[in-house]
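These notes are about the structure you will find just below.
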Amino acid sequence: MSQPFTLTVNGRDHSLDIPATTPLLDVLRNHLGLKGSRYGCGLEQCGACMVLIDGNAEYSCSREVGTLAGRCVTTVEGLGSPEALHPLQRAFLEEQAGQCGYCLSGILVSAKALLDRNPNPTRADVIAALDANLCRCGSHPRILRAVLKAAATLRQEVA
Amino acid sequence: MAGLSNSLKDNPRLDRWLKFCDDRTVRVGTGKVELGQGVLTALAQIAAEELDLRIDQISMMSGNTAEGPGEGYTASSWSIEHSGGAIRLVAAEVRELALKQAALRLNASPDELSVVEGVFLRNGTPTDFDYWAVAGDLDLAAEATGTVLPKSSNTYRLVGTSVPRLDLPAKLTGSGFIHDMVLPDMLHARTLRQPGRGATLAALDEAFVRRKAGADISIIRIDNFVAFVGADETAVRAAAVAAADCAVWSDARILHPEQATAKWVAAQPSHDRLIGAPVEEPAGAHGASLTFTRPFLSHGSIAPSCALAVYRDGALTVWSHAQGMHPLRDNIAKTLGLPPENVTCHHVQGGGCYGHNGADDAALDAALLARALPNQPIRLMWRREEEFGYEPLSSAMTVTVHAALDAGGRPRDWTTEIWSAAHGQRPGVGGAYLLAADAMKEQPPERKPFDIPLERGGGADRNGIPLYDIDAKRISYHLIHDVPVRTSSLRGLGATLNVFAIEALMDELAAREGEDPVSYRLSTLSDPRARRTLEKAAAMAGWSLRDAGGAGRGLGIGLARYKNSSAYAAVVAAVEVDEAVRVTDIWCAVDAGLVINPDGIVSQVEGNIVQAISWTLIEEVGFDPQGISTLDWQSYPVIRFSDIPEIHVELIEADQHEALGVGECAGGPTAAAIGNAVAHALGIRICDMPMTRERIMAAALNA
Chain A
30 MSQPFTLTVN GRDHSLDIPA TTPLLDVLRN HLGLKGSRYG CGLEQCGACM
80 VLIDGNAEYS CSREVGTLAG RCVTTVEGLG SPEALHPLQR AFLEEQAGQC
130 GYCLSGILVS AKALLDRNPN PTRADVIAAL DANLCRCGSH PRILRAVLKA
180 AATLRQEVA
Chain B
3 MAGLSNSLKD NPRLDRWLKF CDDRTVRVGT GKVELGQGVL TALAQIAAEE
53 LDLRIDQISM MSGNTAEGPG EGYTASSWSI EHSGGAIRLV AAEVRELALK
103 QAALRLNASP DELSVVEGVF LRNGTPTDFD YWAVAGDLDL AAEATGTVLP
153 KSSNTYRLVG TSVPRLDLPA KLTGSGFIHD MVLPDMLHAR TLRQPGRGAT
203 LAALDEAFVR RKAGADISII RIDNFVAFVG ADETAVRAAA VAAADCAVWS
253 DARILHPEQA TAKWVAAQPS HDRLIGAPVE EPAGAHGASL TFTRPFLSHG
303 SIAPSCALAV YRDGALTVWS HAQGMHPLRD NIAKTLGLPP ENVTCHHVQG
353 GGCYGHNGAD DAALDAALLA RALPNQPIRL MWRREEEFGY EPLSSAMTVT
403 VHAALDAGGR PRDWTTEIWS AAHGQRPGVG GAYLLAADAM KEQPPERKPF
453 DIPLERGGGA DRNGIPLYDI DAKRISYHLI HDVPVRTSSL RGLGATLNVF
503 AIEALMDELA AREGEDPVSY RLSTLSDPRA RRTLEKAAAM AGWSLRDAGG
553 AGRGLGIGLA RYKNSSAYAA VVAAVEVDEA VRVTDIWCAV DAGLVINPDG
603 IVSQVEGNIV QAISWTLIEE VGFDPQGIST LDWQSYPVIR FSDIPEIHVE
653 LIEADQHEAL GVGECAGGPT AAAIGNAVAH ALGIRICDMP MTRERIMAAA
703 LNA
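From first to last, the protein sequence lines stand for chains A and B.
For the first sequence, this note's numbering begins at 30 and goes up steadily by one.
For the second sequence, this note's numbering begins at 3 and goes up steadily by one.
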């Protein structure tokens with residue numbers, strides 16, 4: 030059933046010999062050891078599993094890995110590391126935007142997709158970009174502030 | 003000197019709380035665990051403050067049955083009061099012991115010495131001695147005496163500052179959760195849940211299940227507990243889905259949609275008790291009463307429950323994100339028939355739980371499998387459907403508030419009458435047990451009718467006694483035992499509906515007198531801290547400009563002191579009602595006494611407000627014959643980014659008072675403020691939560 034193929038994650042090529050029907054999320058977490066993308070529902074409803082696929086924020090929990098040959102996947106680990114935080118991660122820390130934190134990987138990824146296509150978003154733009162991501166702790170006000178702050182930082186870096 | 007807290011009485015040895023480590027840090031133990039509420043950061047601040055250390059010189063050891071203190075469950079906003087109080091006393095005492103030892107070694111008087119970042123200073127000059135140099139000479143196996151006075155709050159340098167959360171950096175960069183743990187040769191597991199206590203598995207097409215798994219799996223069956231175990235998580239998940247589709251159960255629980263309603267619950271036989279003032283026949287007919295309901299609610303953690311376990315040489319080790327590792331150890335040991343000393347439980351952080359969800363049950367599931375497969379580490383995770391379908395729910399409730407009034411239209415006699423199933427059924431409490439115990443041949447005895455007594459904060463009756471100056475106040479509690487689902491604690495417990503009801507009736511009574519709701523409350527409220535909190539929230543919201551209402555926009559207020567003993571919160575909500583309710587602004591004032599971490603409190607209060615908006619406007623569990631029918635985020639929607647109002651939280655300066663639990667204080671007042679704002683906007687009172695579009699339309703038609 031399985032046929033070796035190549036998956037590009039965070040800029041690295043991985044050769045995989047697993048069934049093409051395996052969900053991308055399981056591949057990331059269990060085959061590549063990238064634990065940042067999270068299982069929340071497996072139903073494409075909560076957003077905890079979101080990753081960038083060619084720059085778009087997409088669910089990974091039900092996405093068959095076989096559909097991703099030649100595509101570029103970016104996970105939260107691809108944004109930054111504790112030693113070298115992405116401006117989004119830095120802004121989330123500065124705003125203390127997160128309580129339990131389980132939703133944050135997906136939210137950071139959705140925010141990254143937004144800022145890549147719209148460096149100067151309004152609050153309404155951020156709300157629209159994050160509306161597919163659930164947060165149960167109620168960190169929403171801080172998350173909105175953090176994304177707008179990161180956008181401002183990134184604009185300054187470019188300028 | 004205050005007496006020793008229960009936390010310290012139960013764990014008197016100093017070394018359960020503090021240990022000087024070789025890497026020149028101090029390890030602080032606590033039985034309370036991080037649930038995303040920031041408690042470990044706040045407790046580290048308390049320890050660092052008393053020990054004169056930097057925050058990065060503290061490491062927290064939380065929820066560890068082998069070495070740390072047992073402090074029951076992390077619940078009811080007790081952590082800062084209980085664990086914080088114990089850590090403060092222990093740290094003060096250990097600092098004193100170390101200082102005396104250093105004085106001996108330096109041939110100095112203890113009065114000459116001080117501590118900065120763990121180094122002893124003699125008359126302000128650093129010495130060669132620090133904590134770690136004298137640690138070996140301290141007897142930390144000794145018991146705490148509680149006789150060393152902690153610092154005075156006016157000398158604090160770290161407590162009262164917004165130290166950033168210790169756990170957040172990991173969580174922002176893709177790690178930090180139990181779900182990410184990997185043990186050598188670990189196998190994944192998923193369960194097939196028994197649909198109700200009496201159900202027995204009549205048939206399972208194992209060939210079908212294995213075919214759907216698509217990779218090698220083991221099917222483990224222990225009486226009516228069934229699980230699928232294997233190296234490939236994708237396969238075991240597929241097996242569990244297939245099994246749920248094809249399993250045939252006899253005597254499965256059958257639920258009916260009407261059983262999910264507060265009305266059905268209130269009509270069941272009850273165990274009745276009266277708390278507070280004896281009933282007097284209120285004179286005359288001058289009184290008022292209103293009835294309110296709310297449905298069953300789910301905790302709705304974004305993270306399904308997860309646990310790891312391994313059983314080696316008769317010893318079981320469990321990793322769990324449940325709210326209390328010591329109770330978990332005892333409950334697992336009891337179910338498995340193991341001596342408690344052979345079971346060790348370690349807390350590892352999971353998703354926010356907001357109360358008693360599936361976390362404890364998942365830990366027993368993992369433990370059962372670990373014992374069935376010795377030497378084999380097991381990682382068990384619940385599916386989304388399992389979390390919604392089998393975690394304990396927060397009970398549907400009905401509350402009727404009755405007030406008899408004096409000649410000035412103020413309540414002089416008050417009864418809060420409550421119909422609810424229990425809100426306090428954590429494992430080990432009131433005969434409650436872990437879920438899979440039901441699946442064992444030797445089932446535990448049925449749970450007893452029990453709820454948390456009011457003197458311990460209360461369950462359904464939490465906050466049933468109003469804060470206002472009323473001659474006679476009482477709660478009439480009808481505890482319903484025979485509901486067909488497990489019920490237990492969700493953040494706020496009964497307080498959410500009780501405060502909603504009390505504050506609604508206060509608004510109605512004010513309207514009868516033609517008085518402003520805030521002025522009316524103040525006229526019958528002598529607690530100065532409650533008054534100040536109410537006045538602050540009203541000022542923040544520009545309450546004095548509030549209009550007559552009725553035009554689709556409303557401003558409402560709610561006030562409570564959580565558990566009548568923790569933090570005070572007053573909330574003003576602004577709403578727009580156009581078929582559906584939209585909350586546009588929330589202003590909240592909080593008096594939490596001594597503040598450990600201001601930003602941490604604001605964050606908790608904001609979260610509590612957001613969750614309460616969701617409960618008040620959106621959430622509702624449903625039943626169908628197969629069981630709980632709201633098994634995903636489409637059937638159980640919660641608030642999203644597009645529904646978040648502007649939220650303004652301010653803390654009242656009250657450092658002269660003791661630190662009060664704050665994590666649940668704003669929920670009831672938020673629900674109440676929204677209810678009152680909707681009544682102000684429409685001129686009609688909606689008495690049933692959630693205040694959905696359908697309810698608003700129905701109320702408008704009936705008006």
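Just so it is clear, CB atoms sit at the ideal spot from N, CA and C, and this is done for glycine as well.
Just so you know, the alpha carbons of residue 345(B) and residue 365(B) end up roughly 12 Å apart. Between residue 256(B) and the set 693(B), 682(B), 631(B), 661(B), the nearest pair of CA atoms involves 631(B). Counting other Cβ atoms within 10 Å of its Cβ, residue 90(A) reaches 16 or more and is therefore classed as buried. Between the C-alpha atoms of residue 162(A) and residue 525(B) there is a straight-line separation of about 45 Å. In the structure shown, residue 478(B) adopts extended strand secondary structure according to DSSP, grouped into three states. With a beta-carbon spacing of about 6 Å, residue 426(B) and residue 491(B) fall inside the 8 Å limit used to define contacts. Proximity of the stretch 356-364 of chain B to the stretch 336-343 of chain B falls short of the contact definition, fewer than three beta-carbon pairs being nearer than 8 Å.
The CB of residue 74(A) comes closer than 7 Å to the CB of 634, 635, 636 in chain B, given here in chain order.
Look at the stretch 255-298 of chain B and you find these whole runs of alpha helix (DSSP H), each 4 residues long or longer: 264-268. Residue environment for residue 568(B): buried (at least 16 other C-beta atoms within 10 angstroms of its C-beta).
In the displayed model, residue 21(B) falls within a strand according to three-state DSSP.
Against chain B, the CB of residue 57(A) has no partner CB under 7 Å away; the residue lies outside that interface. According to DSSP, residue 413(B) shares a beta bridge with 407(B).
Using a Cβ-Cβ cut-off of 7 Å, residue 169(A) counts as an interface residue toward chain B, since at least one Cβ of chain B sits closer than that to its own. Counting along the chain, residue 85(A) sits inside the beta strand (DSSP E) bounded by residues 85-87. Under the DSSP assignment, residue 248(B) falls in the alpha helix (DSSP H) whose first and last residues are 235-248.
Here residue 698(B) has 579, 581, 582, 583, 688 as same chain residues with Cβ atoms under 7 Å from its own Cβ, once five neighbours each way along the sequence are excluded. A direct Cα-Cα distance of roughly 14 Å separates residue 534(B) from residue 559(B). Taken through DSSP and simplified to helix, strand or coil, residue 699(B) comes out as helix.
A direct Cα-to-Cα measurement between residue 216(B) and residue 44(A) gives close to 21 Å. Listed along the chain, the chain B residues whose CB falls inside 8 Å of the CB of residue 106(A) are 175, 176. Shown in chain order are the members of the stretch 61-73 of chain A whose Cβ falls below 9 Å from a Cβ of chain B: 62, 63, 64, 65, 66, 67, 68, 69, 70, 71, 72.
Among the bridge pairs identified by DSSP, residue 41(A) is matched with 38(A). Taking 7 Å as the CB threshold, residue 77(A) lines the interface with chain B. Contact with chain B is found for residue 130(A), since one of that chain's Cβ atoms lies less than 7 Å from the residue's Cβ. Short of 8 Å from the beta carbon of residue 271(B), and not among the five residues preceding or following it, lie these beta carbons of its own chain, in chain order: 482, 483, 484. Residues of chain B whose Cβ lies closer than 7 Å to the Cβ of residue 82(A) do not exist, since the nearest Cβ in that chain is about 17 Å away. In this structure, DSSP gives residue 120(A) a helical state, which the three-state scheme calls helix.
Residue ranges of uninterrupted beta strand (DSSP E) with 3 or more members, entirely inside the stretch 111-199 of chain B and ordered along the chain, are 115-118, 121-124, 127-132, 189-194.
Residue 384(B) sits in coil when the DSSP states are folded into three classes, being neither helix nor strand.
Using a Cβ-Cβ distance cut-off of 8 Å, the stretch 95-112 of chain A and the stretch 71-81 of chain A are in contact, since at least three pairs of beta carbons, one from each stretch, lie closer than that value. Contact between residue 647(B) and residue 601(B) does not hold, since the beta-carbon distance rounds to 20 Å and is not under 8 Å. Counting C-beta pairs closer than 8 Å gives three or more between the stretch 500-512 of chain B and the stretch 670-678 of chain B, which meets the contact rule. Residue-level contact check: residue 386(B) touches chain A, since one or more beta carbons of chain A fall below 7 Å from its beta carbon. Shown here, residue 115(A) sits in coil according to DSSP, grouped into three states, outside any helix or strand. For residue 121(A), the nearest CB of chain B lies under 7 Å from its own CB, placing it at the interface with that chain.
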